[in-house]
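For the sequence shown, UniProt numbering gives the first residue as 1, with consecutive numbering after it.
Working notes, beginning with the structure itself.
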Amino acid sequence: MRRTIETALLSFGNYAKEHNIPIIANAGWQENSDKPCDTGSSIEELSKEFPEVDFSRVDQVWPEKNRNSEKAKKYWYTKESIMQRGEDVLKEIEAKVWPEMEDGKAVVAVSHSGFLRAGVTGWWFNNGDYRIFEFEEREVKEGRPTLKQITGVKGGMGESFETPAGLGGDLPEAAVGGLSVGLP
């Protein structure tokens with residue numbers, strides 16, 4: 001979470017402060033793997049380091065990703081868990097934030113390229129790049145919300161591939177014996 005908070009504050013911190021926009025930490029947007037670089041620090045530690053960030057809604061399971069822990073299942077490095085987490089963060093925005101959005105306003109989610117690509121959008125993101133999406137209109141709010149990329153809008157360093165990667169991509173189907181593996 002530290003890397004994304006630093007990125008959010010460097011990119012949007014002054015604007016957010018000037019316009020009284022909260023910066024809210026959310027464990028749902030964390031990176032996919034359980035490698036040390038993708039396993040977070042404690043909220044107690046992070047809240048001292050970043051007092052301007054609202055940590056009150058961070059899942060109490062944070063930063064647990066242990067594949068032997070059933071309570072951490074939503075954060076496991078498996079296709080099922082990552083795809084469900086992607087659906088959950090989109091539904092949260094769609095249900096709680098999107099209906100109250102005014103024209104010209106946006107939700108900015110600062111996350112990790114692997115999770116954005118495989119769990120949320122199905123598009124490639126290189127470091128520092130961004131893309132802009134909107135929700136497809138839908139009558140029934142069941143299932144995964146569908147995103148539509150705003151054509152021609154891609155920014156940052158501009159090095160992301162122009163072709164979609166596809167949701168789920170190369171994610172492992174299951175975690176076996178401490179290793180995540182793709183099953184046929």
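Quick reminder that beta carbons are idealized off the backbone N, C-alpha and C, glycines included.
All values reported here derive from a predicted model rather than from experimental measurement.
Distances from the CA of A165 to each of E70, K71 and L116 were compared; the closest alpha carbon is that of L116. Fewer than three pairs of CB atoms, one per stretch, sit closer than 8 angstroms, so the segment 103-113 makes no contact with the segment 56-68. Distance between W76 and I93, taken at the CA atoms: about 22 angstroms.
Under the 8 angstroms Cβ criterion, the segment 87-103 counts as touching the segment 25-37, having at least three qualifying pairs. Sequence-distant Cβ neighbours of E64 in its own chain, meaning closer than 8 angstroms and more than five residues away, are K71, A72 and Y75.
For F133, the uninterrupted beta strand (DSSP E) segment begins and ends at Y130 to F135. A distance below 8 angstroms separates the beta carbons of Q149 and W123.
In its chain, beyond the 5 residues on either side, I21 have a beta carbon closer than 8 angstroms to the beta carbon of Y15.
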